[in-house]
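Protein chains in written order, with the numbering used here: chain D, 9 to 236; chain A, 92 to 405; chain H, 712 to 1194.
Here a beta-carbon is modelled for each residue, glycine too, at the ideal position from N, C-alpha and C.
Since the structure is predicted, the reported quantities are computational estimates derived from the model, not experimental observations.
Structure first, then comments.
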Amino acid sequence: MISTGASGMISGWYLQIVNLLAALLLLISFAMLAQRRVVGLISLFAWQGAALAVSTAIVAVFTAQWHLLYSVALTLLLKVVIIPWFFYRLVRKLGMSRDVEPLLNHSLIMLTGIVLVIFAFNLALPISQMAGTVMRSTLGIAMACVLLSFLMMITRTKALPQVIGFMAMENGIFFAATSATYGMPLVVELGVALDVLVGVFVLGIFFFQIRETFESMDLRQMEKRKEH
Amino acid sequence: MSGGVVLQGLQTVLAVLAAPLLTGWTNQCRARLQGRRPPSLWQSYRVLHKLFHKETVLAEEASPLFQATPYVVFSCMVLAAGIVPMLANDLPFSPVADVIALVGVFALARVFLALAAMDVGTAFGTLGARREMLVAFLAEPALLMVFFTVSLISHSTQLPLMVHVLAHQKFAIYPSLAFAGVAFWMVSVAENARIPVDNPTTHLELTMIHEAMILEYSGRYLALIEWSVALKLFVYAALGIALFVPWGIAPVGEEAALPLALLALVAKMAIGGLVLAVLETLNAKMRLFRVPEFLGTAFLLAVLGMLIHFLLES
Amino acid sequence: MLLHGLLGVPLVGALLLLVWGHRRLAAEMNVLFSFITLLFAVALAVRVMREGPMEFDGGWFFMDAFNVFLVGLTALVGFTTALFSRPYMRIECAHGRLNPARLRLYHASYQVFIAAMLLALTTNNMGILWVSMEGATLATVLLVSLYRTPAALEAAWKYFILCGVGIAQALFGTVLLYFAAEKVLGAGGNALLWTHLNAVKAHLEPTVLQLAFVFLLVGYGTKVGLVPLHSWLPDAHAEGPTPISAVLSGLLLNVALYAILRNKVLVDGAIGTQLAGHLMMGFGLLSVVVASFLIGQQSDVKRMFAYSSIEHMGMMTFAFGMGGAVAVFAGLLHMTVHSLTKSAIFFTVGHATQKAGTQLMSGIRGLMGINPGLGWGLMLGTMSILGVPPFGVFTSEFLIVTTAMHEHSWAIPFLLVALGVAFAAIFGQVQAMVFAETSLPRLPYQPAMAPVFLHLILVLVLGIAMPGWLAVWYRQAAHLLGA
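Here you go:
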């Protein structure tokens, strides 16, 4: 595991920045896991999208994978501008801006997160060795982001945080595609973006329906209903 | 060799003498940032001077352990100051302990302080000792993880070698070092009883940790402890400099680089003190039961740094 | 041309109904569009039968015996469900459970849903397959919550989030598949075309495909409703309008299974072991056993038949997992007869619950007295789904069990006990619903029984005397699945 020289990282400086951004993505995933405020979560989600877009753009430019720039534009537009803006509006309209969600067992969640990261890194190791991309080593981080978002969805009871977790998972998958294969074919990426957009739109309608019926966005209310 | 010994002595004495200056500088910066009239830079020395000349009052139940503790704590800090490279690298004294043993030296000082606090049997002392132990129990693993992460890059836990490797390799961005650096800052804040974990300037029974332990001390004992506290902050700052911004420390046997090294050290310490003051101004002290979360985050960052090192940098 | 018609008609229908969907004759338009889609599907099927597998639009679409058979089935059930939904939704409106806006949403989404499933079936691109599967989910989320009751909203939320998470796993699996394909086929859109992948499947990296299959199975398996990923399914079936329950059970689950099978062919070719098959057998058997024991605990009739759907999807997954000519043949047959029977059951159940005003089985009694057609429809449908001999379900289940007896005899006790438990649970409940005394008056209108009996007759024909050409067709499809 330990390389021969002290400077194990011999790659170009742009890769170092990509690696730094990848590390930042992982950090944001953890921050999302710990973030209790809904508004904070939305900002974190936007930052995650921004870090993703910047790192993809750097890779696109320095490896001349110009088609990646389309997905950069899509990411910037959808995940940094439109969706966070939409969520902010939703939060304001539904009056959830001060919502704070109690998180039980903070340290247990964090420890589980670390275990997931180790698992993801090991899972990614054989695959990233086969990859031919310059940023293949970040595949492990992408997988870790996917699993951490999954963990976040499990630990939340409110609707909006669950959806943000779902979107963050999409970010992780997107990052995995970039680091393993320089992104998916354009048609597929467009299709995925369309699905995400429609999904967010459907959700918007859906939130108002939930709000009308339950007068709260807490999913535990739905659970309570069952007990009667 | 003899030059090395002289240099070693010089560095240690310098650290011991300059430590209150760093505390004074931080206090001054903080006062300015908070819009108060800053105390003099030499205020810490005056306090020490005053305390040394005051009468020492001992509690009736105080055992010899209570009296010995200030000396033990102070010697531990002096020992640590001798080990951490500040001006020159690879001094004759530094092979005595690597970073892990250094953590042990700090722990020894802490154990004595906690025992002494409980020795007299007052409620505050016991309370402070308990809280201090809670903080330490969480901070030490995080500190060790930070050292492990850094040592993965330098392939050594010997400070001189770590400094040498980190200062002399080709410049590269290490995400793992960034994580470890942030974690180190968080641990240092906790270990040195600074805001947001503890507030060194108040004596509120609900919140104080470190101050509660030393309430029973007075006179020269208190002076020694205050001096050790200043020295500890100085050593931690030097440690942070050595691990994360080591450029400027004079390499082995290059006496010509010493003036520059001194200048670099003063500059870095000044910046470090300023940053500490800024962060202390921006943050509010957190409630005690949030401290485990704070230190847990530090531990998490250090572990993440290590994992990322394995993934991206090896 | 035929293909464009097949995909274009429901899309045009969706657009038109988005404007027109709440006015008079909207339901008739819905039927009309579904019928035209069915005509295109039949024409396409005949052509593929005559000329063999073919690609369209430069390889973007691909038809072979396997998917054209599912296209036909989808279009047929889509049409009959539209027939059924015409009177059903009218009565719902009369009961005041729907307003014009919701009716418009319902009609438009129905066509989008059919279009998305047909796209999923006909596309050659594994990425587009994923996109259209997700599209089919999104089209139905708002339909599940159509009644806006707390229970319906909860069901829709569960459906959205669980299927979303599941389908995200499938996307990850698709990324891994592309990763393996890119090494052999080069980057670009062609690397995800199934026909290209199928040609080079032996050269794909086995370790990557193994991992990819696990993700794909979990992802699409959530949609299939495999235990333990099934918890959205009973809720969505129970709370949505009954036509939606019918198409979810009859069509969406099949299409999701189709996605798994397409991937399994590639994975089998690449890794050369039975790993994929064993995984599917495990999930399938678990679904059969767990679902059959849960059937008995249900008090809601739609939930009960939803669990029965899980059981049958598990049975199919198990059959495809075993592999081999007979098992795959039986699996395909089971797909067909389950779709037809289960949608027929939901049609009758829809009318029955509408009449009784409750979905609780204790509240539904004496259907025979209310309307003999309804009573016989539910009774025969139930007998068919439980595998009583002359019906097609018996044939397929018999083939599956006998194959398992030869090759995986350890599974036999589980299968037989599960089938027995499910039989006892469902039959006991349905008997009371059909024959018990009731105080309710007779049904004042004629329920839409034509689709029900059409389906049941088809199932009966498949069980007694399968036409020769159909048997050939199934065998061709089974061959494509590697049997």
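**OP:** Taking residue 947 of chain H as the reference, give the member of H/1061, H/1094 and H/863 with the closest Cα.
**Re:** By 1-based counting over the third sequence, the position of residue 947 of chain H is 236. Ranking the options by Cα distance to residue 947 of chain H, first place goes to H/863.
Subject >> Closer than 7 Å at the beta carbon, the chain D residues around residue 266 of chain A >> reply: If you number the second sequence from 1, residue 266 of chain A lands on position 175. In chain order: 27, 28 and 31.
Original post:
Residue range of the beta strand (DSSP E) that residue 773 of chain H falls in?
Top reply: Residue numbering aside, residue 773 of chain H sits at position 62 when the third sequence is read from its first letter. Segment 772–774, the beta strand (DSSP E) holding residue 773 of chain H.
Original post:
Can you tell me the Cα-Cα spacing of residue 206 of chain D and residue 879 of chain H, whole angstroms?
Top reply: As a working mapping, residue 206 of chain D is identified with position 198 in the first sequence. As a working mapping, residue 879 of chain H is identified with position 168 in the third sequence. Approximately 15 Å, taken between the alpha carbons.
Original post:
Which full runs of the alpha helix (DSSP H) of 4+ residues lie inside the stretch 267–324 of chain A, going along the chain?
Top reply: 301–304
**OP:** Tell me, please, which residues DSSP counts as bridged to residue 45 of chain D.
**Re:** Numbered from its first residue, the first sequence carries residue 45 of chain D at position 37. Per DSSP, D/108.
Subject >> Straight-line gap, residue 714 of chain H to residue 973 of chain H (C-alpha atoms, nearest Å) >> reply: Taking the third sequence and counting its residues from 1, one reaches residue 714 of chain H at position 3. Taking the third sequence and counting its residues from 1, one reaches residue 973 of chain H at position 262. Going from the Cα of residue 714 of chain H to the Cα of residue 973 of chain H covers about 20 Å.
Original post:
In the structure shown, what three-state DSSP assignment does residue 765 of chain H receive?
Top reply: Within the third sequence, residue 765 of chain H is the residue found at index 54, counting from 1. In the structure shown, residue 765 of chain H sits in a strand (DSSP, three-state: E or B).
**OP:** State yes or no: is the C-beta of residue 1043 of chain H within less than 9 Å of the C-beta of residue 773 of chain H?
**Re:** Reading the third sequence from its first residue, position 332 is the one you call residue 1043 of chain H. Reading the third sequence from its first residue, position 62 is the one you call residue 773 of chain H. Not a contact, by the Cβ cut-off of 9 Å.
Original post:
What residues are listed by DSSP as bridge partners for residue 1071 of chain H?
Top reply: Sequence index remark: in the third sequence, residue 1071 of chain H carries index 360 (1-based). Answer by DSSP bridge pairing, in chain order: H/1011.
Original post:
What is the DSSP secondary structure of residue 341 of chain A, reduced to helix, strand or coil?
Top reply: In the second sequence, the residue the question calls residue 341 of chain A occupies position 250. Here residue 341 of chain A sits in strand by DSSP.
**OP:** Report the neighbours of residue 889 of chain H on chain D: residues whose CB is nearer than 9 Å to its CB, in chain order.
**Re:** Translated into positions along the third sequence, residue 889 of chain H becomes position 178. Neighbours of residue 889 of chain H on chain D, chain order: 185, 188, 189, 192, 193 and 196.
Original post:
Can you list, in chain order, the residues of its chain whose CB lies under 7 Å from that of residue 266 of chain A, leaving out five sequence neighbours each side?
Top reply: Here the question's residue 266 of chain A lines up with position 175 in the second sequence. Excluding residues within five positions, the ones whose Cβ falls inside 7 Å are 399 and 403.
Original post:
When the distance is taken between beta carbons, is residue 1064 of chain H closer than 9 Å to residue 1103 of chain H?
Top reply: Looking up residue 1103 of chain H in the third sequence gives position 392. Looking up residue 1064 of chain H in the third sequence gives position 353. In this structure, residue 1064 of chain H does not lie closer than 9 Å to residue 1103 of chain H by Cβ.
**OP:** May I ask which residues mark the beginning and end of the alpha helix (DSSP H) holding residue 135 of chain A?
**Re:** By 1-based counting over the second sequence, the position of residue 135 of chain A is 44. That run of the alpha helix (DSSP H) goes 134–143.
Subject >> Through-space distance from residue 1032 of chain H to residue 235 of chain D, alpha-carbon basis >> reply: Sequence index remark: in the first sequence, residue 235 of chain D carries index 227 (1-based). Sequence index remark: in the third sequence, residue 1032 of chain H carries index 321 (1-based). Unreliable positioning characterises residue 235 of chain D in this predicted model, as indicated by a pLDDT of 44, which lies under 50. A coordinate reading is not provided.
Original post:
What three-state label does DSSP hand residue 906 of chain H in the structure shown?
Top reply: For this step, residue 906 of chain H is matched to residue 195 along the third sequence. If DSSP states are grouped into helix, strand and coil, residue 906 of chain H belongs with the helices.
Original post:
Opposite residue 179 of chain A in the DSSP bridges: which residues?
Top reply: Mapped onto the second sequence, residue 179 of chain A falls at position 88. DSSP lists A/341 as partners of residue 179 of chain A.
Subject >> Terminal residues of the alpha helix (DSSP H) in which residue 1190 of chain H lies >> reply: The sequence position of residue 1190 of chain H within the third sequence is 479, counting from 1. Run containing residue 1190 of chain H: 1179–1191, per the alpha helix (DSSP H) assignment.
Original post:
What residues in the stretch 840–860 of chain H bring their beta carbon closer than 7 Å to a beta carbon of chain D?
Top reply: 842, 845, 846, 849, 852, 853, 856 and 859
Original post:
Counting pairs of Cβ atoms below 8 Å between the stretch 1168–1187 of chain H and the stretch 1118–1126 of chain H, do you hit three or more?
Top reply: no
**OP:** Enumerate in chain order the residues of its own chain whose CB-to-CB distance from residue 131 of chain D is below 7 Å, with the five nearest sequence positions on each side excluded.
**Re:** Your numbering for residue 131 of chain D matches position 123 in the first sequence. Excluding sequence neighbours, residue 131 of chain D sits near 151.
Original post:
Do residue 923 of chain H and residue 978 of chain H have their C-beta atoms within less than 9 Å of each other?
Top reply: Locating residue 923 of chain H in the third sequence gives position 212, where the first residue counts as 1. Locating residue 978 of chain H in the third sequence gives position 267, where the first residue counts as 1. Yes, the Cβ-Cβ distance between residue 923 of chain H and residue 978 of chain H is below 9 Å.
Original post:
Looking at the C-beta of residue 401 of chain A, does it have a partner C-beta in chain D at a distance below 9 Å?
Top reply: As a position in the second sequence, residue 401 of chain A is number 310, starting the count at 1. So yes, residue 401 of chain A belongs to the interface.
Original post:
Quick one: does residue 168 of chain D have its CB under 9 Å from some CB of chain H?
Top reply: Here residue 168 of chain D is taken as the residue at index 160 of the first sequence, counted from 1. By this cut-off, residue 168 of chain D is not an interface position.
Original post:
Would you call the CB atoms of residue 935 of chain H and residue 968 of chain H closer than 9 Å?
Top reply: In the third sequence, residue 935 of chain H corresponds to position 224, counting from 1. In the third sequence, residue 968 of chain H corresponds to position 257, counting from 1. Taking 9 Å as the Cβ cut-off, residue 935 of chain H and residue 968 of chain H qualify as a contacting pair.
Subject >> Proximal chain E residues relative to residue 394 of chain A, where beta-carbon distance stays under 7 Å >> reply: The structure shown contains no chain E; its protein chains are D, A and H.
Subject >> Which of helix, strand or coil DSSP assigns to residue 261 of chain A >> reply: For the purposes of this step, residue 261 of chain A is taken as the residue at position 170 of the second sequence. Coil at residue 261 of chain A, not helix or strand.
Subject >> Sufficient close CB pairs (3 or more, under 8 Å) joining the stretch 718–736 of chain H to the stretch 131–150 of chain D >> reply: no
Subject >> residue 792 of chain H in three-state terms, based on DSSP >> reply: Along the third sequence, read from residue 1 onward, the residue named residue 792 of chain H stands at position 81. Three-state result, residue 792 of chain H: helix.
Original post:
Using 8 Å as the Cβ pair cut-off and three pairs as the minimum, do the stretch 137–151 of chain A and the stretch 196–210 of chain D touch?
Top reply: no
Subject >> Contacting residues, own chain, Cβ-Cβ under 7 Å from residue 88 of chain D (five flanking each side not counted) >> reply: Working through the first sequence from its first residue, we reach residue 88 of chain D at position 80. Closer than 7 Å at the Cβ level, and outside the excluded window around residue 88 of chain D, lie 54, 57, 58 and 61.
Original post:
Using a Cβ-Cβ distance under 9 Å, would residue 125 of chain D count as near chain A?
Top reply: Within the first sequence, residue 125 of chain D is the residue found at index 117, counting from 1. Closer than 9 Å: yes.
Original post:
With burial defined as no fewer than 16 other Cβ atoms inside 10 Å of the residue's Cβ, what is the status of residue 1156 of chain H: buried or exposed?
Top reply: Taking the third sequence and counting its residues from 1, one reaches residue 1156 of chain H at position 445. Flag for residue 1156 of chain H reads exposed.
**OP:** Taking all protein chains shown into account, decide if residue 995 of chain H is buried (16 or more other Cβ within 10 angstroms of its Cβ) or exposed.
**Re:** Position 284 of the third sequence holds residue 995 of chain H. Label assigned to residue 995 of chain H: buried.
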